[in-house]
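Engineer:
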Amino acid sequence: MAAPGQSRFVAQLKRYYALYTGGFIGFVVLLSIFEQMGMPNKMLGYIFLGATVLLYAGIGILSRTSDVAEYYVAGRRVPAFFNGMAVGADWMSAASFIGLAGTLYLSGYDGLAFVLGWTGGFVLVALLLAPYLRKFGQYTIPDFLGARYGGRIPRTIGVFAAILCSFTYVIAQIYGVGLITSRFTGLDFGTGVFVGLGSILVCSFLGGMRAVTWTQVAQYVILIVAYMIPVIWLSVKHTGNPVPQVAYGYVLQKVTAREQALNDPATPDGAREAEVRSILKQREKTTEDQLQALEAGGAAYLAEEKGRLVKAAAELKGKRDADPKAIAAADKAVAEFPADVDAARKAWRAAAETDRVKAAPIAAHAEPFAGPDPATRDKKRKNFLALVLCLMVGTAALPHILMRFYTTPTVREARQSVFWALFFISLLYITAPALAVLAKYDVYTLLVGSSFSELPSWVSAWASVDKSLMSVTDINHDGIVQLAEVNIGGDLIVLATPEIAGLPYVVTALVAAGGLAAALSTADGLMLTISNSLSHDVYYKMIDPKAPTGRRLFIAKALLLAVAVFAAYITSLKPGHILFLVGAAFSLAASAFFPALALGVFWKRANKAGAVLGMIGGLAVCMYYMYMTYPFFGVNAPLWWDISPIASGMFGMLAGFVGVIVGSLLTAAPGKEMQELVDHVRYPYLESDGKDRPV
Amino acid sequence: MQLTQRHREYWRKNLRLTGMLLAIWFVATFVVGWFARDLQSITILGFPLSFFMAAQGALLIYVILIGYYAWRMERLDREYDVQEGER
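Shown next, in the form of structure tokens:
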């Protein structure tokens with residue numbers, strides 16, 4: 006590529022995206038004028054989601070390509086700045102956009118493990134992998150494994166692991182897409198999944214990496230604008246300072262003071278909290294007693310209890326002046342009574358657990374590893390640090406992220422693009438803890454203590470939409486809201502912030518579009534990784550190395566379609582828990598890839614046997630630990646050193662490093678050719694690279 | 010290709026830089042995290058220090074580490090004449 010070509014290209018890109026950003030802001034302003042003129046909310050939601058999805062499809066169509074380098078690595082001419090934005094969108098998923106602030110709201114300091122893990126991993130990417138992968142300059146991560154260690158086996162394991170972790174992760178993203186489209190358009194979940202998927206496909210199907218890159222840049226702009234606006238507004242509302250990241254330190258102090266007041270029965274608010282908590286404790290004990298009676302009496306006890314409820318309802322109806330509300334409640338209690346012993350045990354255990362948690366004093370938001378005794382605190386600290394390490398190393402091993410560093414023009418720009426990537430990612434990650442604290446302040450001071458007859462409008466609005474996200478019940482019948490009477494689901498924080506801040510509905514629609522952008526951009530990158538592994542590594546490199554370009558791309562696109570439909574099908578079955586899927590993807594990537602990739606660059610002695618042993622061993626240990634300990638699989642074996650299953654990559658990683666080192670040392674050193682390949686990737690330019698180097 | 014003495018020196022300097030930056034990364038993340046409970050009482054900008062580090066401080070350090078690495082390595086590339094051609 007000639008010098009003036011690239012700089013003209015960069016100038017053009019800057020102009021396009023500046024225009025685009027301006028146009029997008031204009032679009033939001035226009036819609037808010039429509040809203041003032043009386044356009045209904047549902048319509049605004051449709052227009053917003055429809056317009057953004059059409060935009061992504063449009064970029065996809067404009068970037069269609071039939072060139073192999075364009076399809077797989079966007080022609081290797083993505084400037085550092087824009088690659089940084091694309092990595093940002095690729096990286097930040099539905100879990101970051103919607104889930105993170107909620108997790109921080111619910112778990113305070115301990116939730117910051119995700120913030121640290123999902124940013125600090127880029128230090129590893131920058132220092133240990135990105136520049137070297139760029140110099141290597143092929144198309145996929147298994148390409149590197151195949152070339153560095155030689156033979157088919159390392160490549161095959163790489164393909165298997167890349168598909169395994171990307172597929173686990175993509176399910177979580179499509180799940181998010183379905184959730185957002187169904188919530189904001191009223192379509193059902195399954196249809197939402199397929200509509201979202203359609204827009205993912207139009208984009209990556211036609212233009213591969215090239216289309217995905219330019220769409221991701223556009224998606225980054227939408228998602229960061231959508232995240233920032235409500236938080237800035239909320240910050241102005243509570244602190245008068247439009248920079249929430251700076252201002253919320255003092256809000257945090259107020260939250261901490263409020264926590265202490267609510268936990269202290271000597272204050273009026275604290276006394277009311279204590280009253281509610283004692284009712285909850287009593288209720289928990291009643292449920293525990295029921296559970297014990299159930300274990301002793303079995304089905305007979307259950308029938309007897311149900312009989313009692315039926316009788317009570319009948320008696321109530323017999324009375325002439327019975328309260329219709331009481332009758333409805335009694336009927337509901339009968340209708341919702343568990344059908345058999347297993348269902349009763351499950352329902353009552355869950356109820357007792359909920360009450361037990363709500364009856365406990367409020368945990369301090371800023372206190373790290375809170376716990377009643379040193380042993381609990383130590384365990385929390387250990388798990389916090391283990392999770393941070395797993396997420397970091399997983400970040401530096403997820404193929405869809407590493408692949409993006411093949412797309413820059415030079416090694417130098419690869420290094421710079423990691424900087425831009427983390428810069429753009431940090432904007433959101435530094436804001437999320439601020440949002441959590443600001444929302445908490447709102448709940449602790451404005452909602453708690455308000456009267457049930459005059460709840461803030463966002464509370465009643467969300468409570469009527471989804472009970473699992475927001476519910477308030479007057480447990481002690483004093484007509485005033487206590488914190489222990491409020492139930493908030495984590496996802497509410499981001500979704501409801503515009504309303505908490507008192508912003509018009511158009512901002513809520515903007516947040517939905519932002520969440521969709523986050524989920525779609527990550528899904529795009531992941532699907533491309535999966536189909537490229539299959540088409541490039543399996544088909545072209547293993548099955549038919551002489552395949553002509555046209556057929557390679559045809560196969561790539563056909564596989565993309567197949568993978569997408571299969572993933573949507575699996576998602577529509579609603580398997581498991583999003584956070585588990587995400588955690589599993591990171592642990593799997595950390596165990597399978599990181600040791601072989603990093604040692605492949607930094608340790609010339611690493612050889613094929615070591616890589617094979619390390620990758621298989623790491624994957625096997627990680628999968629084994631997940632299977633044995635994660636409640637989803639039902640084995641529930643004892644934990645190793647108290648490390649919880651979400652950090653199972655700890656053990657996998659360790660096994661991976663030991664595997665690579667031991668396997669390599671037990672077998673012969675790699676040949677001269679391999680050593681030269683390592684030298685080749687270590688230096689941005691060597692004379693043996695052969696290419697001209699204009700000075 | 011046979012590497013020259015200069016090449017080896019370049020790689021050694023790169024390793025030293027990488028090791029140093031990783032050490033800072035490790036301290037900012039894991040050492041600070043380990044002592045988080047002990048750092049609570051120090052206040053900075055209204056935040057307890059441990060909370061500030063995990064929510065903002067460490068992130069800023071990461072960004073600076075990566076930025077410094079990119080800048081330093083670019084100079085090192087030129088110094089040892091292993092830089093790529095100008096585009």
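Just so you know, the sequences run in chain order A and B. Here the numbering used here is used: the first residue of the first sequence is 6, the next is one more, and so on. Here the numbering used here is used: the first residue of the second sequence is 10, the next is one more, and so on. Virtual Cβ for every residue (Gly too), placed ideally from N, Cα, C.
1. Run through chain A and tell me which residues come within less than 7 Å of L12(B), C-beta to C-beta.
2. Using DSSP bridges, identify the partner residues of T478(A).
3. So for F56(B), helix, strand or coil by DSSP?
4. Using a Cβ-Cβ distance under 9 Å, would E372(A) count as near chain B?
5. Classify I367(A) as helix, strand or coil using the three-state DSSP reduction.
6. For S536(A), which option in S209(A), A23(A) and E300(A) has the closest C-alpha, if you only look at C-alpha atoms?
7. Quick check: what's the CA-CA separation for W645(A) versus Y629(A)?
8. Would you please verify whether the beta carbon of R46(B) is less than 9 Å from any beta carbon of chain A?
9. Taking any Cβ of chain B, which residues in the segment 117-128 of chain A have a Cβ under 7 Å from it, in chain order?
10. Which residues, taken in chain order from the segment 62-89 of chain B, show a beta carbon closer than 7 Å to some beta carbon of chain A?
11. Between the Cα of T52(B) and those of Y180(A), A301(A), Y255(A) and V568(A), spot the shortest distance and give me the residue it belongs to.
12. For N641(A), count the other beta carbons within 10 Å of its own beta carbon; 16 or more makes it buried, fewer makes it exposed. Which is it?
13. P699(A) CB to nearest chain B CB: under 9 Å?
14. Say whether the segment 82-90 of chain A touches the segment 53-63 of chain A, bearing in mind that this needs 3 or more beta-carbon pairs closer than 8 Å, one atom from each stretch.
15. Which class does S473(A) belong to by DSSP, given the choice of helix, strand or coil?
16. 9 Å is my cut-off, CB to CB: does I51(B) come that close to chain A?
17. Can you tell me whether M6(A) is buried or exposed, with buried defined as 16 or more other CB within 10 angstroms of its CB?
18. Who are the neighbours of G254(A) on chain B, taking C-beta pairs under 7 Å?
19. Would you call the segment 347-357 of chain A and the segment 286-293 of chain A in contact, with 3 or more CB pairs under 8 Å?
20. Comparing the C-beta of F428(A) with each C-beta of chain B, is any distance below 9 Å?
21. Spell out whether any CB of chain B is found under 9 Å from the CB atom of Y110(A).
22. Kindly indicate which three-state DSSP category S540(A) falls into: helix, strand or coil?
23. Alpha carbon to alpha carbon, how far is V671(A) from A152(A)?
24. Go ahead and pull the three-state DSSP assignment for S456(A).
25. At least one CB of chain E closer than 9 Å to the CB of P553(A): is that the case?
26. If you measure between the beta carbons of S577(A) and A614(A), is that distance less than 9 Å?
27. Tell me the DSSP secondary structure of N88(A) in three-state form.
28. Using only the alpha-carbon positions, how far apart do T220(A) and F607(A) sit?
29. Evaluate G695(A) with the Cβ neighbour count: other Cβ atoms within 10 Å of its Cβ, from every protein chain shown; 16 or more gives buried, anything less gives exposed.
30. Closest to L24(B) by C-alpha separation, out of E692(A), S693(A), V393(A) and R687(A), would be which residue?
31. Find the residues of chain B that neighbour I435(A), judging by a C-beta separation of less than 9 Å, and give them in chain order.
32. V491(A) lies in the beta strand (DSSP E); which residues open and close that run?
33. 9 Å is my cut-off, CB to CB: does V640(A) come that close to chain B?
34. Can you list the residues of chain B that V568(A) reaches, using a CB-CB cut of under 8 Å?
35. Return the residue from the list V683(A), F14(A) and A118(A) that minimises the CA-CA distance to M397(A).
36. What are the complete alpha helix (DSSP H) segments, minimum 4 residues, inside the segment 556-636 of chain A?
Structural biologist: So, from the listed chains and residues:
1. For L12(B), the chain A residues whose C-beta falls within less than 7 Å of its own C-beta are D684, listed in chain order.
2. For T478(A), which the question treats as bridged, DSSP gives no partner whatsoever.
3. Note: F56(B) maps to strand in three-state DSSP.
4. Cβ-Cβ to chain B under 9 Å: yes for E372(A).
5. Coil.
6. It is S209(A) whose Cα lies nearest to the Cα of S536(A).
7. Here the alpha carbon of W645(A) sits roughly 12 Å from the alpha carbon of Y629(A).
8. For R46(B), at least one C-beta of chain A is nearer than 9 Å to its own C-beta.
9. For the segment 117-128 of chain A, which is checked against every Cβ of chain B, the residues closer than 7 Å are L117, V120, L121, T124, G125, F127 and V128.
10. Taken in chain order, the members of the segment 62-89 of chain B whose beta-carbon sits within less than 7 Å of a beta-carbon on chain A are A63, A64, Q65, A67, L68, Y71, V72, L74, I75, G76, Y78, A79, M82, E83 and D86.
11. Residue Y255(A) is the option with its Cα nearest to T52(B).
12. Its Cβ having fewer than 16 others within 10 Å, N641(A) is exposed.
13. In this prediction, P699(A) scores a pLDDT of 47, lower than 50, which makes its location untrustworthy; the coordinate-derived value is nonetheless stated afterwards. By this cut-off, P699(A) is an interface position.
14. The segment 82-90 of chain A, when compared against the segment 53-63 of chain A, does not touch it at the 8 Å Cβ threshold.
15. Three-state result, S473(A): coil.
16. So, not an interface residue.
17. Because the pLDDT at M6(A) is just 42, under 50, the model does not fix this residue reliably, and the point stays unresolved.
18. Counting only Cβ-Cβ distances below 7 Å, G254(A) has contacts in chain B at L54, G55 and F56, in chain order.
19. Look at the beta carbons and you see the segment 347-357 of chain A touching the segment 286-293 of chain A: at least three pairs across the two are nearer than 8 Å.
20. For F428(A), the answer is yes, since a Cβ of chain B falls inside 9 Å of its Cβ.
21. Not closer than 9 Å to any Cβ of chain B, the Cβ of Y110(A) fails to qualify, so no.
22. For S540(A), the three-state secondary structure derived from DSSP is helix.
23. The displayed chain sequence assigns Leu, not Val, to residue 671(A). Looking at the two C-alpha atoms, the distance is approximately 21 Å.
24. DSSP places S456(A) in the strand class (E or B) of the three-state scheme.
25. Within the model displayed, chain E is absent; protein chains A and B are what it includes.
26. No, Cβ-Cβ distance for S577(A) and A614(A) is not below 9 Å.
27. Note: N88(A) maps to helix in three-state DSSP.
28. Roughly 35 Å between the two C-alpha positions.
29. Burial is judged here by how many other beta carbons sit within 10 angstroms of a residue's own beta carbon; G695(A) has fewer than 16 and is exposed.
30. Nearest of E692(A), S693(A), V393(A) and R687(A) to L24(B), Cα basis: R687(A).
31. Under the 9 Å cutoff, chain B gives A64, Q65, L68 and L69.
32. From DSSP, the beta strand (DSSP E) with V491(A) extends over V491 to I493.
33. No, because no Cβ of chain B sits closer than 9 Å to the Cβ of V640(A).
34. Residues of chain B passing the Cβ test: none, with the nearest at roughly 32 Å.
35. Closest option to M397(A), Cα to Cα, is A118(A).
36. Whole alpha helix (DSSP H) segments, 4+ residues: 583-597, 599-607 and 613-634.
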